[in-house]
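In my numbering, the protein residues as written are 80 to 369. The structure under discussion appears below in the form of structure tokens.
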């Protein structure tokens, strides 16, 4: 599939193309891909800006209008689709960038308790959900979006989805994509990204001071260790992760379980040793589906 040709065909059919970016991808496409070339983008919007999620803007998805974007700026996205930076969508010219922003604002927060976020910006998630929705259900998810072009990481090829009834659908009551179960590999990756958000939202100064880069790999290593210890709750996992920001505590041998020590006893001992005043802080948005 030639992406440049696909985009040209959409524009010839009075459709506008947009790029939806996932800034939690590694490396962050906004910082490493565009860098100082952001001024060449015609219009771009951070989805969390000026919303109740503004404190999480550092990991906000972005939408970029591609009408006057030089094609060479898209080369990293096209040449390295396996980095899962996001995907392309197009809409009829009667709809605007702001319409697309409102569309995802209506869908990015899952209001049912516990509140969560829908990761529509992840091309793997949007592909899996669109693949399992019926032709009648797809318009509920895509609204004014006519077509989606995303990299299928499992099949190693670009995949197109068509919305046969594109139009504005604010606040749909039915949201069938939320009932689709996530595979274990995606659940694990979500947990890592959720933990990154939690750290950046609550302890950003400590994160930057500790110089834990690449952060994604550091978090993955930390969670693998808590899995090994069978610390299954967020409170248990985040005690270790938070204290590990301190270089003096990071490799302390007292973290290791004692012979015949149960996971809960191990956790209680570590909590007493490393931070007896530890309090588990959670985002107002539950991280389980961030």
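Don't be surprised by glycine CBs; every beta carbon is placed ideally from N, CA and C.
Across which residues does DSSP place residue 229 in a beta bridge pair?
-> 238
Using CA coordinates, which residue listed in 343, 257, 238 is at the minimum distance from residue 314?
-> 343
N- and C-terminal bounds of the beta strand (DSSP E) containing residue 94 | 94-100
Check whether the Cβ atoms of residue 259 and residue 229 sit closer than 8 angstroms, and answer yes or no.
-> no
Beta carbon of residue 219 nearer than 8 angstroms to that of residue 248 | yes
Opposing strand residues paired with residue 168 [DSSP bridges] = 97, 227
Buried versus exposed call for residue 227 [16 or more other C-beta atoms within 10 Å across all chains shown] | buried
Per DSSP, what kind of secondary structure is residue 128 in: helix, strand or coil?
-> coil
Among 191, 86, 276, 308, which one has its Cα closest to the Cα of residue 338?
-> 308
Is the segment 87-100 touching the segment 158-169 in the sense that three or more CB pairs, one from each, lie closer than 8 angstroms?
-> yes
Looking only at its own chain, which residues have a Cβ that is under 6 angstroms from the Cβ of residue 278, when we skip the five neighbours before and after it?
-> 286
Local conformation of residue 143 per DSSP, three classes = strand
Rounded to a whole number of angstroms, what is the C-alpha to C-alpha distance between residue 207 and residue 162?
-> 17 angstroms
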